[in-house]
Every structure is written in C-alpha cells, then in structure tokens.
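Engineer: If you read the sequence shown in the UniProt record's numbering, its first letter stands for residue 1, the second for the next number, and so on.
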Amino acid sequence: MMMNLFSSFDPVSSMYMYMYIYLFMFIVLFFTFSLFWVEGSHYTIFVKGFFDWLKFEVKSVKMSYLYSILYLSIFFIVLLFNVVGMFPYTFVWSSQISMNYGFSIWILYLVILNNWCNKPLDVMSNLVPSGTPFILVFMMVIVETISDWIRPITLSIRLSANLTAGHLILSLFGDFLVNSLNSLYFSVFFIYMIMFILEFMIGVIQSYVFFCYF
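#1: Between the alpha carbons of W116 and V141, how many angstroms are there, rounded?
#2: My parser needs the alpha helix (DSSP H) runs of 4 or more residues fully inside the segment 103-161; what are they?
#3: Within 10 Å of its beta-carbon, does L113 have 16 or more other beta-carbons around it, so buried, or fewer, so exposed?
#4: Alpha carbon to alpha carbon, how far is A161 from S95?
#5: Measure the C-alpha to C-alpha separation of G203 and F134 and round it to an integer number of angstroms.
#6: Out of L54, V83, W106, F51, state which residue places its alpha-carbon closest to the alpha-carbon of S156.
#7: Could you tell me the distance, in whole angstroms, from the CA atom of V123 to the CA atom of S187?
#8: Since Q206 and L177 are thought to touch, with beta carbons under 8 Å apart, how far apart are those beta carbons, to the nearest angstrom?
#9: For the candidate residues V92, L54, W93, V84, whose alpha-carbon lies nearest to that of F75?
#10: Check this for me: beta carbons of I69 and Y101, under 8 Å apart or not?
#11: Output the distance between the C-alpha atoms of S125 and D175, rounded to the nearest integer angstrom.
#12: Assign V92 to one of three DSSP states: helix, strand, or coil.
#13: Rounded to whole angstroms, how far is the Cβ of V137 from the Cβ of V143, which I believe are closer than 8 Å?
#14: From this set, M201, V209, L170, which residue's C-alpha is nearest F190's C-alpha?
#15: Specify the secondary structure class of G49 as computed by DSSP and reduced to three states.
#16: Rounded to the nearest angstrom, what separates Y109 and I150 at their Cα positions?
#17: For G166, which residues from the same chain have a beta carbon less than 6 Å from its beta carbon, with the 5 sequence-adjacent residues on both sides left out?
#18: In three-state terms, what does DSSP make of G85?
#19: In whole angstroms, what separates the C-alpha of V84 from that of V92?
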C-alpha cells in the first residue's frame with residue numbers, strides 16, 4: 001500500500017512510462033493545435049485569451065524583452081512539470097524540493113545579481129518600505145536582503161508541499177474508488193473527477209505563483 005501510494009514520487013518506478021506518456025501528449029497536442037486554425041472555435045478563443053492574460057502580466061511589471069522570455073519560460077516549464085505529473089505512472093518532478101530548489105536558485109540569483117549590477121539604486125530603494133522610521137532602516141535592509149536570498153527555499157517548499165499533498169489525496173481516493181462497492185462507484189468517481197480538476201487548477205496556480213515571485 002505504501003509503495004503504491006508513494007510510487008509517483010519514485011523516479012525508478014515510473015521511468016519506463018515516459019515514452020508512452022510523451023507519445024500520447026504529442027498526439028494530443030498535434031490534434032489540438034490543428035484545431036487552432038479553425039476560425040472562431042472555442043479553443044482559439046481560449047488560447048488567445050490565455051496568451052493575452054500572460055502578455056498583460058508581463059507588461060504590468062514593465063520588464064525588458066529578455067526578461068519577459070525568461071519569466072514566461074519559467075511559467076511554462078513549471079506548468080509542464082505539473083501537468084505531466086497528473087498522468088498515471090509518471091514521476092512528479094515538481095514535487096521534489098531538490099529539483100525545485102536547483103531550478104529556482106540559479107534563476108533568482110541571476111536576476112538579483114543583474115539588478116544589483118544594473119540598477120543598484122532601485123534595488124536599495126526596494127529594501128526599505130516607505131514610511132519606515134529612520135532607526136529601523138538598517139534592520140529592514142538586513143531583513144529584506146535575507147528574505148530575498150531565502151526566497152528559492154520558500155518557493156521550493158511551497159510548490160513541493162502543495163503538489164505532494166494533492167497527489168497523495170488523489171491516490172487515496174483512487175484506492176478507495178477501486179475498492180468501493182458498486183452502489184458507491186459513480187458517486188465516488190464524480191468526487192474523484194472534481195478533485196482531479198481541482199488538483200489541475202492547483203498545479204496551474206502554483207505555476208503562476210512560482211512565476212510571480214521571481
């Protein structure tokens with residue numbers, strides 16, 4: 001039971017399924033994006049609305065073109081990891097703290113060092129909130145600096161904890177669904193599908209949180 005429950009977090013137990021999963025995703029994406037050229041379809045409206053929202057989020061922080069590519073790449077990579085982890089017998093990459101920390105630390109530190117080299121005055125002004133008493137300025141600079149440098153740890157723990165808890169709950173409900181009586185099967189299956197959709201939404205939200213906190 002415990003091996004089955006935590007098998008999705010074991011890279012060895014799910015490594016052989018990846019070629020089938022990626023083949024299935026390629027087929028789905030091929031037929032899905034072929035529908036994109038159908039003018040006025042619901043999929044076209046949804047995709048355009050999604051990318052317009054991302055464009056608005058990037059423009060709202062007034063970043064450069066290279067930074068916008070970096071931020072959008074972070075969002076789509078984390079989103080891809082979260083979505084692939086929803087498939088059965090796949091390894092949930094984004095549930096590993098070491099993977100999330102290694103992925104976020106070099107990006108965040110690169111951004112921080114770049115800001116310190118190119119815009120030191122703006123970075124220093126952000127270290128002290130407006131309205132801070134003069135006697136607390138030095139302490140606030142230390143606190144804000146420490147919070148910036150430990151941000152990869154907090155982001156990694158938040159992403160791993162949310163996805164791990166969600167996948168464990170889905171695994172428990174899946175086991176209960178298999179062992180449930182026929183009279184309860186459809187009701188439990190309906191609840192399971194609702195939780196699956198909620199877990200998918202949590203994966204999207206966590207990708208957005210990971211994207212925003214950079």
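Even glycine gets a Cβ: it sits at the ideal position worked out from N, Cα and C. What you are looking at is a predicted structure, and each value in this text was computed from that prediction instead of being measured.
Structural biologist: Let me lay it out:
#1: Whole-angstrom Cα-Cα distance: 14 Å.
#2: Listed in chain order, they are 120-126, 137-149.
#3: Around the beta-carbon of L113, fewer than 16 other beta-carbon atoms lie within 10 Å, marking it exposed.
#4: Whole-angstrom Cα-Cα distance: 7 Å.
#5: Between G203 and F134, the C-alpha separation is close to 42 Å.
#6: Among L54, V83, W106, F51, the Cα nearest to that of S156 belongs to W106.
#7: V123 and S187: Cα-Cα distance of roughly 54 Å.
#8: Going by Cβ atoms, the distance from Q206 to L177 rounds to 25 Å, so no, they are not a contact pair.
#9: Closest option to F75, judged by alpha-carbon separation, among V92, L54, W93, V84: L54.
#10: Their beta carbons are not under 8 Å apart, which means I69 does not touch Y101 by this criterion.
#11: Going from the Cα of S125 to the Cα of D175 covers about 53 Å.
#12: V92: coil per DSSP, three-state reduction.
#13: Their Cβ separation, rounded to whole angstroms, is 11 Å, which puts V137 and V143 out of contact at 8 Å.
#14: Residue L170 is the option with its Cα nearest to F190.
#15: If DSSP states are grouped into helix, strand and coil, G49 belongs with the helices.
#16: Using only the alpha carbons, I get a separation of about 10 Å.
#17: Hits under 6 Å: E199, I202.
#18: DSSP places G85 outside both helix and strand once states are collapsed to three, so it counts as coil.
#19: Between V84 and V92, the C-alpha separation is close to 7 Å.
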